[in-house]
Structure formats: structure tokens, C-alpha cells
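> Chains as they are written, first to last, in my numbering: chain R, 677 to 960; chain W, 924 to 1224; chain B, -13 to 231.
Don't be surprised by glycine CBs; every beta carbon is placed ideally from N, CA and C.
Quick caveat: nothing in here was measured; it's all calculated off a predicted structure.
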Amino acid sequence: MLTVLIYGAVTSAILAMLAVGFTLIFGVARILNLAHGAFYALGAYCTYSLTATYKVPLIVAALASVALVALFGMAMERVLVRPQRQSSLAVLMITLMVALTVEQVLFVVFGSQSKNVPAFINFPVYLHGVSLDGQRLLALAVAVCLIGALWLFIQRTRLGSAILAISQDPEAAQYMGIPANRIFSLVMGLSAALAGAAGVIAGPFLSVRPTMDQTAMITAFSVVIVGGLGSIPGSILAALIIGYSETFVAFYLNPEWTGTVSLVAILLTLVLRPAGLMGRAVGA
Amino acid sequence: MGGAVLVGLLAAAPPLLHNQYFTGVFIVCAIEAIWAASWNFFSGLTGRENFGTALFIGGGAYTAAFFNSTFGLNAWWSIPGGIVVAVVLGLVVGFPTLRLKGPYFALATLASAAIMQQVAINLWQYTGGSEGIYGLDRLVDSSLGYYYFVLAVLLATVLVLSLIAHSRWGTILRAIKGDETACQAAGINVTVYKIASLALSAAFAGLGGVLFAHYQQAVTPDDFDVFLSISVIIMAYVGGIGSIWGAAVGGILLNLMLELLRGMGEYRLLVYYLILMVVLFFMRSGVVVPLWRRLSGGRSA
Amino acid sequence: MSALLEVEGLTKRFSGVTAVKDVSFTLAAGEITGVLGPNGAGKTTLFNLLTGFLPSDHGAARLEGRSILRAAPHTIVNLGVARTFQLCRPFHGMTVRENVVVGCLAPRAQIGAGLEQRVSDILEEVGLAHKSEQPVDILPYGDLRRLEIGRALATRPKLLLLDEPFAGLGAGEIEPLVQLIHRLHDTQGLTILIIEHKLREFMQLVSRVIAMDFGEIIAIGEPADIVRNPLVIESYIGKADHGVA
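(1) Among W933/R, S764/R, M864/R, F897/R, whose alpha-carbon lies nearest the alpha-carbon of I1228/W?
(2) Could you tell me which whole beta strand (DSSP E) segments of length 3 or greater appear in the region 1034 to 1105 of chain W?
(3) Nearest by alpha-carbon distance to A1105/W: which of P162/B, A99/B, F71/B is it?
(4) For a contact meaning CB atoms closer than 7 Å, what does I894/R contact in chain W?
(5) By DSSP, does D809/R sit in helix, in strand, or in coil?
(6) Would R132/B and V112/B be called neighbours here (beta carbons separated by less than 8 Å)?
(7) Determine the DSSP secondary structure at P241/B, reduced to helix, strand or coil.
(8) Could you tell me whether the Cβ of V88/B comes closer than 8 Å to any Cβ of chain W?
(9) DSSP three-state label for A197/B, please.
(10) Locate the alpha helix (DSSP H) running through I135/B, then write down its first and last residues.
(11) Return no unless some Cβ of chain W is closer than 8 Å to the Cβ of L91/B.
(12) Taking the alpha-carbon of A701/R as reference, which of S907/R, V793/R, Y716/R has the nearest alpha-carbon?
(13) Give the DSSP-derived three-state secondary structure of S10/B in the structure shown.
(14) Given a threshold of 16 other Cβ atoms within 10 Å of its Cβ, counted over all protein chains shown, does V1015/W qualify as buried or as exposed?
(15) Counting only runs that start and end within the region 854 to 882 of chain R, where is the alpha helix (DSSP H) found for 4 or more residues in a row?
(16) Report yes if the CB atom of G703/R is closer than 8 Å to the CB atom of S867/R, and no otherwise.
(17) With a threshold of 8 Å between beta carbons, is N1045/W in contact with chain R?
(18) Contact criterion: CB-CB distance below 8 Å. Does T923/R meet it with respect to chain W?
(19) Using a threshold of 8 Å, state whether the C-beta atoms of L747/R and I770/R are closer than that.
(20) Take V774/R and list the residues in its own chain whose beta-carbon comes closer than 7 Å to its own, dropping the five residues that flank it on each side.
(21) Excluding the five sequence neighbours on either side, which residues of its own chain have a C-beta within less than 7 Å of the C-beta of L822/R, listed in chain order?
(22) Would you call the region 841 to 856 of chain R and the region 717 to 727 of chain R touching, i.e. three or more CB-CB distances under 8 Å?
(23) Drop a sphere of 10 angstroms on the beta-carbon of E134/B, count the other beta-carbons inside from all chains shown, and report buried for 16 or more, exposed for fewer.
(24) Which residues of chain R have a Cβ atom closer than 7 Å to the Cβ of Q1041/W, listed in chain order?
(25) So with CB distances below 8 Å, who are the chain W contacts of R94/B?
(26) Could you check whether the Cβ of S790/R sits closer than 8 Å to any Cβ belonging to chain W?
(27) Alpha carbon to alpha carbon, how far is L170/B from H116/B?
(28) For E119/B, would you say it is in contact with chain W, using Cβ-to-Cβ distances shorter than 8 Å as the test?
(29) Would you report the Cα separation of W1092/W and L1086/W, rounded to the nearest angstrom?
(30) For the beta strand (DSSP E) containing Y636/R, name the first residue and the last one.
(31) When DSSP labels each residue in this structure, what does F234/B get in the three-state scheme?
(32) Please classify M888/R: is it buried, with 16 or more other beta-carbons within 10 angstroms of its beta-carbon, or exposed?
(33) Who are the neighbours of T1020/W on chain B, taking C-beta pairs under 8 Å?
(34) Considering Cα atoms alone, identify which of I830/R, F897/R, G787/R, G810/R is closest to P880/R.
(35) Against M1200/W, what residues of chain A qualify as contacts under a CB-to-CB distance less than 8 Å, listed in chain order?
(36) Residues of chain R with a CB under 9 Å from the CB of F979/W: which are they?
Pasting the structure below:
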């Protein structure tokens, strides 16, 4: 029981990291970034590559990977997405293409077999007589810290207020002299960094293969839809709901069906309450 | 007329090349062209981009598999069966999702196809899981014969959909794209038109799925894959959004390109995607239709 | 004269704000009536309620005895109520002609083979015949207004709701539009309800004015009386402090 509780929390935490980044860039720049899962994959593969091939110490590799993914995200936004911003569907297409391309690159460079990303914590931790995977607990802790830090950043700093302003009314924000484009880059960087960090921290215990971006994408996506596109609290709440749902299904029903939980959640939400739990109205 | 030349070329090519393998390539090209045309009919005209065409394709394909392989019916029954199933899927998905705004509709359709894919994998007792179902019969035994059959279906598809697109139905769909609210204010029951159009689009996509299943003589969950949905969209983009025949030609071109890249081994898909990205990025109004307009001296198509 | 439109106690609330409050009035067939009021008075909301674009909370609205509430917009159009929008909404990517064609495709319009002729007639009526093949995206605003009226006419309405038809028009464009509305009323016996807050155009067109403020009707009467009505004057001047014309 405790295991389910903790593992549910871990899954929720990782999902929250992915979802918050995705919902952030949407809320601020109205970009539905289907390459978000690719950031996650790149985070894991980068860490793997740096440690396995270049023998870089783990902590350095982890930080470098997050930074590299953030830069990649910012570059993608600047070069590929920004010129297409008038059409949200063009953005969908181009980011999806980026995701597929990254997947192919990973496939070509690393092959289709799963890779082992080294863990920070290799030993189990004992809680109430139950043995828990140390890395998973670390992932939970890191996720909570990062999301908390992001939340504080947005609520307490000037830059954070600027971000909030843009997400609520981009035009008004521009009139007030807030440099929208620079903020988009920054937010994309943050978003990618969060996703990359999720890959780094969860890589050790979740599967690392070129198609990992797809599962991550679909699940993160479902969290964002259920929580409401653009709402960070919504994403966190939905992450808990979906994270625990998946854990319950895996433990008590059939592990094969965990993938379906998120898909069904997406469809139910879009049909019943498209705005999600805490989002804005989106009916035609 | 240029169209006739093109059709002539398409008809003549395989026998001239006299190569079983290339005939197979052309068959797939023609099927993909059917899919692209069907997609363009709904999404190109209404502007509501359907990201889950694979749902209808897979629906048609698996129906063919069930009818022919699992239940042993004559292969020709797959055609009406696949169309009916695809239409039902179109109605089921269309009803709740068509009132959603642009990106949300796209995502709902994407999710629908993905769900179906999961279902196909998970219900392995009935669907053969990741392996799928095999042992379907060819509709027409000779490859060349199959090709001409598919080509005929393609021509019929383009003809029918083009006729409808240029009819009053098509005008209403374009008005929906122009301003849906104003369309309602003009007394048009927008929902009925959207659903009917999606169902029609689904019917042809499903038909293509049936033809594909009987050609491959097998179906797998990949028939529901997002890659398939995206490919179809890109074919329509390359052809020129809103042009039925353009999409068909786009489908043929892209598949030929994919085939030609076979020599690149494991880099094949990567190069393909990179080329697609370039096309998407620089040629927003497509390749085929603008090129055709330029070649035919700027007369409107 | 029989009442074409009867509205009783129509009410609409938006989370705390009552946009339209207990509105009741009657329109006789063939009348041109105006709805007057400052911004935020609830005029467009009233139109949206009467045309099915917003669901009402309370009240009734009947066209020739038939309720037009709780119906989809297209159903109401096919009962005989057509409208134009405050900000023109043409069908982008289509020509002037095609825009009117769509209106003719409404079931109510009952066009069979005579589509081309009907479209030409309508374009002639609204003065856009010479621009029929032009894409709407390059049309000047005055022409867009005419187009929207033409599209509404295509549905053979009994009641035409015009939402601020003179907004955004230059001085030279207003008078021809006034003439057009007069002409349509005289030749086709249309009942017309116009929202405007430019008084001068009103005076020329309407025989009766419904004045609104804060979602309620504050006065109904002839234009000359309404303009002198202290409540109406106050509703405008009171708002002038907030910078609204």
C-alpha cells in the first residue's frame, strides 16, 4: 500500500514536470509543442551519452544535459516555430516533425535497444519497513523542488510577473513594453529544461529508447488537457489524478493498460469539459 | 488536359517498368493518394485539420482482416464492411469533437486514433496484438491487376470528391472555414455538414484501408499510427490544401520519394522527415498546385 | 397590426452581471424599430439572445407566436430571423457572390434551379453587382456591411436585426446605407430592428425607439420624445465621464 502511494507520487511528480513545462509554453506563447516529449528523450539520452561515452561524472552530465536540452528548445522556437506562429496548426505540424526527426536521430545514433542511464542513488531506501527505490524517491524530491522553484519564480519575481502578464493578454503586455519574443525564448528554455530534467532523473527507472518521447508526450498531454491548457495548478492536480490512476491500473489491474488511461482521459475531457479542470472555455 | 496525361502516365508506368517491386510501390502510392484526397476533402475545405485519419484507415483495414481472415468471408465483402465501419467511426468521433476549436479538434482526433491503436495492441486475443492479423487474400491476384484496380478506385475517389467539393456542399464547407458563426447566421446547419463531410472523408479513408490490407495481406496496429495520419496531412500540404487532385498527386510524389530513399538504409526516415520539414516550412501553400498553375501559364486551376 | 415579435421578461446573467434584465417589447410587422443605448447597455446581448447565439435564463420571445428561444442559430434563421454583426463577418477566402450564395443555401431560402438569378438580384439590391467576383478580403468596410445585409436577405427573413450597421463607416458611406435600408423596408415589407448609438441615423430611419441602459429598457417611444427623455439623456451623459461617446 505504501509502495503504491509512493510510486503513485513519483509518477505524478514526473508527469507534473512534463506537464508544467508544456502548459507553460502554451499559456505564454499559445504554442502546442508536440516536440516536448523529444526534450524528455534528449535529456535521458544526453546523460547516457555523456556518462557512457565521454565518462563525464554523473552530476555534471545531468546538469549539462538539462542545459543542452534547454538550448535546443530555445533554438527550435527561434528558428522553426516563431516564423510559423500565425497558424497554430503549422506549429503543431512542425513541432511534431521535430519530434519524429529527433526520434529518428536517436534511433540512428543509439540504435533501438533500451539504454541504461546511471542512477544517482543506487540503493534502496527503507521506510516503515518497506523497501523503496532510492532513485525514484530522489526523482520525487527533485520534481517537487523544481516545480516549487518555478512557481516561486513566477509569483515572486518581476520576470515572472511579465510571464503571467503575457499569458493573460499578449497585446496589452506588449503595449507595456514587455519584450514578448524574449520572454517566449526564456519560457521555452524553462519548459525544455524541465522536460529534459525529467528525462535525466527518470531515465534510470523508466525505459530509455528512441520512442520514449511518444509515451511521455501522450501522458503529459493528457495531464495538460485534463488540468486545462495554460494552468499550472491544473497541471499539478491533473498529474496527481492521472499519475495515481496509472499506478492503480498497473498495480491492481493490468500493467498493459496503463497507456490507455491517459488516452481515455484526453478523450473524456475533450468531450465532456474541453477546458479541463482549470482552463479557459474552448468550445467553437 | 494535363490530368489526362498524368493518368496516362500512371497507367502506363508499371507495365513499362515491368518490375513486380515497382508495381507494388505504385500500388501503395495510389492508396496513399486516396487517403490524401479523402483528408483534403474534409480538412482542406473546412479548415478543421484532422490529425487522426489513421483511425479510419485502420478501421477499414482491421474490418477487412476480420471479415476475410478471421471469419473467412470473400475478400470483396471487406469493401462495404470497411466503409461502413469507417463511417461509423467518423460519426462516433465527429459528434463530440466537431464543436471544438481548431487545435483541440486536431488533438481529439489524434487521441482517438492513438486509443484505437492501444486497443488493437491490448485486445490481442481478437486482434493479434502487435503482430496483427495476417492471411488476407488479394482482391485481385496479379500485382498489375491490383494496381489498375486501385488506380480506378483512386480516379473514382478524386472524381467524386472533386464534384462534391465544387458543388453547393463544397461551398458551404468553405464558408464554414471562412467563418463558422456567420455560416450559422446564414441559416446553415453547420454541425450536420461537418459530420456528414467527416463521415464521407472517413468512408474513402476506410476504403483505402481495405485496399491496403488486402494488398499487404496483413494488418497491424501500425495501421492506426500517428505517423500515418501525419503523412497523409503532409501529402495534402504538398499537393496544396483544398485541392483534391493535388493531394492525390502529393501522395504519389511523397511515396515515390520515400521509396527512392530506400538506399539510405537506416537514415531513410530521417532524411524523409528532414525533407518534409523543409517543405512544410517553406512551401505553406503546397508544391503541386502552385507548380501546376505556373506551368499552365497562370490560369486558375 | 399583428405583432411579429413578442418579447417578455427576457433575462440573461453572466456570473454576477445581469446583462439583459426583464426586457419586454413588441414589434409590429413592417416596423423599423431602433434599440438605443450606451456601450454595455445589453443591446448586442439582446440580439444574441434573440438569434440563438446565447441561451437565455428567463423569459420568452415569440415570432408570430412561435418561440425562438432554446433553438440553434440556424433554426432561428430558418424561422425567419436574420441578423448582421457589429463587426462584419464575411466568409473569408470566398468572393462576394459566393458569400451570398451561402445565404441562399439555407433551407428557408428554397432555391432550386434559380440560384444564380436570385444571387444576382440580391447583389443588385445591395449595390454590389459590379463587385460580385471580388474576394471579400479586399472589400472596403462599407461594402462588407452591404454584403452582410445581402447575405441576410438571401435567407428570406421576416425580421432583420441590424447590429450597429453604421459603425466604422465614413461620412460618405452612411447616407447610401440609410437609403438602402429604407428601400429594403419599402420594397420587401421587412420588419427591422436596428441597434445604433448614433442618433442622427436613427432619427432618419426608425419610427420607434427602445432605449436601454444597464440591461433594462428605460424608455420606449418615438424618436423625438426619446431624445428628450431625461433618463435617456442621463444614461449617455452619465457614461460620458468614462469616455464613452
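Concretely, from the data shown:
(1) Because residue 1228/W is not part of the residues shown, which for chain W are 924 to 1224, the question remains open.
(2) Restricted to the region 1034 to 1105 of chain W, not a single beta strand (DSSP E) segment is unbroken, complete and at least 3 residues in length.
(3) Taking the second sequence and counting its residues from 1, one reaches residue 1105/W at position 182. Checked all of P162/B, A99/B, F71/B; the closest Cα to A1105/W is F71/B.
(4) Residue mapping note: residue 894/R aligns to position 218 of the first sequence, counting from 1. Correct list: A1037.
(5) In the first sequence, counting from the first residue as 1, residue 809/R sits at position 133. Correct three-state label for D809/R: strand.
(6) In the third sequence, counting from the first residue as 1, residue 132/B sits at position 146. In the third sequence, counting from the first residue as 1, residue 112/B sits at position 126. The beta carbons of R132/B and V112/B sit closer together than 8 Å.
(7) This structure cannot speak to residue 241/B, because chain B is shown only from -13 to 231.
(8) For the purposes of this step, residue 88/B is taken as residue 102 along the third sequence, with counting starting at 1. By this cut-off, V88/B is an interface position.
(9) Within the third sequence, residue 197/B is the residue found at index 211, counting from 1. Judged by DSSP in its simplified three-state form, A197/B adopts strand.
(10) Within the third sequence, residue 135/B is the residue found at index 149, counting from 1. Looking at the DSSP string, the run of the alpha helix (DSSP H) that includes I135/B is 127 to 140.
(11) The count along the third sequence starts at 1 and reaches residue 91/B at position 105. Output row for L91/B: interface = yes.
(12) In the first sequence, the residue the question calls residue 701/R occupies position 25. Residue identity check: residue 701/R is Ile in the sequence provided, not Ala. Per the Cα distances, S907/R.
(13) Mapped onto the third sequence, residue 10/B falls at position 24. The answer is strand: DSSP assigns S10/B an E or B state.
(14) Residue numbering aside, residue 1015/W sits at position 92 when the second sequence is read from its first letter. With fewer than 16 other Cβ atoms within 10 Å, it is exposed.
(15) The qualifying runs are 856 to 878.
(16) Numbered from its first residue, the first sequence carries residue 703/R at position 27. Numbered from its first residue, the first sequence carries residue 867/R at position 191. Not a contact, by the Cβ cut-off of 8 Å.
(17) Taking the first residue of the second sequence as 1, we reach residue 1045/W at position 122. So, interface residue.
(18) Reading the first sequence from its first residue, position 247 is the one you call residue 923/R. No, its Cβ sits nowhere closer than 8 Å to a Cβ of chain W.
(19) The residue given as residue 747/R occupies position 71 in the first sequence. The residue given as residue 770/R occupies position 94 in the first sequence. No, these two residues do not count as a Cβ contact at 8 Å.
(20) What you label residue 774/R is simply residue 98 of the first sequence in a count that begins at 1. Within the same chain, V774/R has close Cβ partners A711, A714, M752, L756.
(21) Translated into the one-based positions of the first sequence, residue 822/R becomes position 146. Around L822/R: M693, L870, A873.
(22) Result no; under three Cβ-Cβ pairs closer than 8 Å.
(23) Locating residue 134/B in the third sequence gives position 148, counting from the first residue. Buried is the label assigned to E134/B, since at least 16 other Cβ atoms lie within 10 Å of its Cβ.
(24) Looking up residue 1041/W in the second sequence gives position 118. Those are G935, T936, L939, listed as they occur along chain R.
(25) Here residue 94/B refers to the residue found at position 108 when the third sequence is read from its first residue. By Cβ distance, chain W contributes G1110.
(26) What you label residue 790/R is simply residue 114 of the first sequence in a count that begins at 1. Not a single C-beta of chain W is nearer than 8 Å to the C-beta of S790/R.
(27) As a working note, residue 170/B is residue 184 in the third sequence. As a working note, residue 116/B is residue 130 in the third sequence. CA-CA distance, L170/B to H116/B, rounds to 19 Å.
(28) The count along the third sequence starts at 1 and reaches residue 119/B at position 133. Chain W, which has no Cβ nearer than 8 Å to the Cβ of E119/B, makes this no.
(29) Here residue 1092/W refers to the residue found at position 169 when the second sequence is read from its first residue. Here residue 1086/W refers to the residue found at position 163 when the second sequence is read from its first residue. If you take the alpha carbons of W1092/W and L1086/W, they lie about 10 Å apart.
(30) Limits of chain R in this structure are 677 at one end and 960 at the other, which puts residue 636/R out of reach.
(31) Here chain B covers residues -13 to 231 and nothing more, so residue 234/B does not appear.
(32) Working through the first sequence from its first residue, we reach residue 888/R at position 212. Taking all protein chains shown into account, M888/R has 16 or more neighbouring C-beta atoms within 10 Å of its C-beta and is therefore buried.
(33) Translated into positions along the second sequence, residue 1020/W becomes position 97. Here the premise fails: no neighbours, minimum Cβ distance about 18 Å.
(34) Indexing the first sequence from 1 puts residue 880/R at position 204. Distance from the Cα of P880/R is smallest, within the candidate group I830/R, F897/R, G787/R, G810/R, for G810/R.
(35) Reference to chain A is not applicable here, since the protein chains of this structure are R, W and B.
(36) Taking the second sequence and counting its residues from 1, the one referred to as residue 979/W is at position 56. Chain R residues near F979/W: none, gap ~16 Å exceeds 9 Å.
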